[in-house]
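Residues in the sequence shown are numbered consecutively from 144, following my numbering.
Glycine is no exception: its CB is placed at the ideal position from the N, C-alpha and C atoms.
What follows is a single structure, written as structure tokens, with notes after it.
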Amino acid sequence: MNTPRLVIAAPSSGSGKTTVATGLMAAFAGRGLAVSPHKVGPDYIDPGYHTLATGRPGRNLDAYMCGPDRVAPLFAHGAAGCDLAVVEGVMGLYDGASGQGELASTAQVAKLLRAPVVLVVDASSQSRSVAALVHGFASWDPQVRLGGVILNKVGSQRHEALLRDALEESGLPVLGVLHRAEQVAVPSRHLGLVPVAERRGDAVGAVAAMREQVVAGCDLEALMALARSAPPLPGEVWDAAEAIGGCGGPVPLSAPAGAPVVAVASGAAFTFSYAEHTELLTAAGAEVVPFDPLRDEALPEGTRGLVVGGGFPEVYAGELSANAALRKAVAGLAESGAPVSAECAGLLYLARSLDGLPMCGVLDAEARMSKRLTLGYREAVAVSDSVLAAPGTRVRGHEFHRTVLEPGAGADPAWGMHQPERRVEGYVQRGVHASYLHTHWAAAPGMARRFVERCGE
Numbered sequence: 144m145n146t147p148r149l150v151i152a153a154p155s156s157g158s159g160k161t162t163v164a165t166g167l168m169a170a171f172a173g174r175g176l177a178v179s180p181h182k183v184g185p186d187y188i189d190p191g192y193h194t195l196a197t198g199r200p201g202r203n204l205d206a207y208m209c210g211p212d213r214v215a216p217l218f219a220h221g222a223a224g225c226d227l228a229v230v231e232g233v234m235g236l237y238d239g240a241s242g243q244g245e246l247a248s249t250a251q252v253a254k255l256l257r258a259p260v261v262l263v264v265d266a267s268s269q270s271r272s273v274a275a276l277v278h279g280f281a282s283w284d285p286q287v288r289l290g291g292v293i294l295n296k297v298g299s300q301r302h303e304a305l306l307r308d309a310l311e312e313s314g315l316p317v318l319g320v321l322h323r324a325e326q327v328a329v330p331s332r333h334l335g336l337v338p339v340a341e342r343r344g345d346a347v348g349a350v351a352a353m354r355e356q357v358v359a360g361c362d363l364e365a366l367m368a369l370a371r372s373a374p375p376l377p378g379e380v381w382d383a384a385e386a387i388g389g390c391g392g393p394v395p396l397s398a399p400a401g402a403p404v405v406a407v408a409s410g411a412a413f414t415f416s417y418a419e420h421t422e423l424l425t426a427a428g429a430e431v432v433p434f435d436p437l438r439d440e441a442l443p444e445g446t447r448g449l450v451v452g453g454g455f456p457e458v459y460a461g462e463l464s465a466n467a468a469l470r471k472a473v474a475g476l477a478e479s480g481a482p483v484s485a486e487c488a489g490l491l492y493l494a495r496s497l498d499g500l501p502m503c504g505v506l507d508a509e510a511r512m513s514k515r516l517t518l519g520y521r522e523a524v525a526v527s528d529s530v531l532a533a534p535g536t537r538v539r540g541h542e543f544h545r546t547v548l549e550p551g552a553g554a555d556p557a558w559g560m561h562q563p564e565r566r567v568e569g570y571v572q573r574g575v576h577a578s579y580l581h582t583h584w585a586a587a588p589g590m591a592r593r594f595v596e597r598c599g600e
């Protein structure tokens, strides 16, 4: 493929990557271009703003969970037919999976995509030193092509002049300057930015403000020229049907009556999902029907399986608890033995209670908020036979939560964790697979196929 593309990186978190990347996406989409939005790493929240900016699904590129070999094919799948792709990096340019070199870093993804990098620099507390910083990032890895700099949080016209003079010696062009007084405020809380689904009206305004800031401060023509300088990207394009078919033999007919209905939780309380999950479920033969546990009092008609992903049930615990009709329907589906996949927020929703408020009661466990943040990549192996995996199946995923569960009895563990410490985690009970572990099914399409097959049995 030959889609023009840019990677938006920074020396560290908090430099302004999200503002610049989202603003660029919105600016080019506002010019009538089809813009493909991407995010390095496992983060679910930034892609929501990317989707709002472009009107296309925000997609993650995670070399740890999906493997380096799948990064370019997944990118090509998302960017097919687009005029431009913008990839927002994660943390600092060279930061990746802890203790594993460049793995899962923005730099690694940029190299895998053969894409030029734009470095967003927080210049608020420096002047001439910016040149030394940029020189260091540009020279650290010769395989990373640093194509230019966008200066963020610039204090004044005089400050801007000092920064530009210093960077003339670096040989890298200044592609944009965003001034401090123009910063766009995006609210955050215990797990990062507030998702778009929770503040859609305000989020629309925030994305519009990012676009205006970027249009006013950045050289869009130079940025597009840099994107067009990316060489052709060789290799396969990821395809959900091929991934499912590669799990062994043709996709079976799931049920005599047609495709089984798989209900997928959505809405403000359950916003964490990778676009490829729905595509894989559909390719495996399911009819995917979204529903909102905050609003809908019943599961979609004909539901044969249920997927409840991540999100913020702790923020909406009162409303989720008040929807007793749906809680009863979920408990009944699980009791029937139907396949149920729950990750993180879904795990909390299936518990007896969350912060003392009744939940679905599928699992004999009490959930509560904690002061401790659990965050990081994980290696895991399935230790119990489930609707997602046979024992011995190895996966990579990540955890991201500030809750704990006090388990009771009646369920087998889902995963044996190998990193950062050895432990068992999660619940397997009848058709239920519930765990804190977030996984990316593009790396394990057999999980989607196995789930849909169980729905059809």
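Local conformation of residue i per DSSP, three classes
i      : result
Thr425 : helix
Glu440 : coil
Val350 : helix
Trp105 : Only positions 144 to 600 of the chain appear in the structure, and residue 105 is not among them; the question remains open.
Glu564 : coil
Ser272 : helix
Pro216 : helix
Ser484 : strand
Arg301 : helix
Phe413 : coil
Tyr570 : strand
His420 : helix
Leu310 : helix
Pro501 : strand
Val292 : strand
Ala238 : The residue you asked about is not Ala; residue 238 is Asp in the sequence shown. DSSP places Asp238 in coil when its eight states are reduced to three.
Strand pairing of residue i, partner residues [DSSP]
i      : result
Met512 : Thr546
Val538 : Ala523
Val473 : DSSP, once it has assigned bridges, lists no residue as partnering Val473.
Glu231 : Ile151, Lys182
Cys361 : Gly319
Thr194 : BP columns for Thr194 are empty, so no partner.
His278 : Its beta-bridge partners do not exist; DSSP assigns none.
Arg202 : His181
Ala577 : Ala485, Tyr570
Leu518 : Phe543
Where the beta strand (DSSP E) containing residue i begins and where it ends
i      : result
Phe434 : 430–434
Arg597 : Segment 588–599 is the alpha helix (DSSP H) holding Arg597; no beta strand (DSSP E) there.
Ser464 : No beta strand (DSSP E) contains Ser464, which is instead part of the alpha helix (DSSP H) from 460–465.
Thr146 : Here Thr146 belongs to no beta strand (DSSP E), and DSSP marks it neither H nor E.
Gly448 : 446–451
Ala406 : 404–408
Through-space distance from residue j to residue i, alpha-carbon basis
i      : j      : result
Leu334 : Arg545 : Because Leu334 sits at a pLDDT of 46, beneath the cut-off of 50, its placement in the model cannot be relied upon, and the following sentence gives the value as read from the coordinates. Looking at the two C-alpha atoms, the distance is approximately 8 angstroms.
Pro534 : Val317 : 53 angstroms
Ala485 : Val277 : 44 angstroms
Ala591 : Leu424 : 6 angstroms
Leu518 : Phe543 : 5 angstroms
Glu600 : Gly504 : 25 angstroms
Ala215 : Val150 : 13 angstroms
Val458 : Asp186 : 19 angstroms
Ala586 : Asp507 : 31 angstroms
Glu522 : Val538 : 6 angstroms
Span of the alpha helix (DSSP H), counted from its first residue to its last, around residue i
i      : result
Asp265 : Not the alpha helix (DSSP H): Asp265 falls in the beta strand (DSSP E), residues 260–265.
Gln243 : Neither: Gln243 is in no alpha helix (DSSP H) and is coded neither H nor E.
Val163 : 160–173
Ala383 : 383–388
Buried or exposed (CB count within 10 angstroms, at least 16 for buried), residue i
i      : result
Ala468 : exposed
Trp283 : exposed
Asn203 : buried
Ser529 : buried
Ala253 : buried
Glu601 : This structure does not reach residue 601, given that the chain is present from 144 up to 600, and the question cannot be answered.
Arg447 : buried
Closer than 8 angstroms: residue i CB and nearest the ligand NAP heavy atom
i      : result
Lys254 : The ligand content of the structure shown is nil, which means the ligand NAP is not present either.
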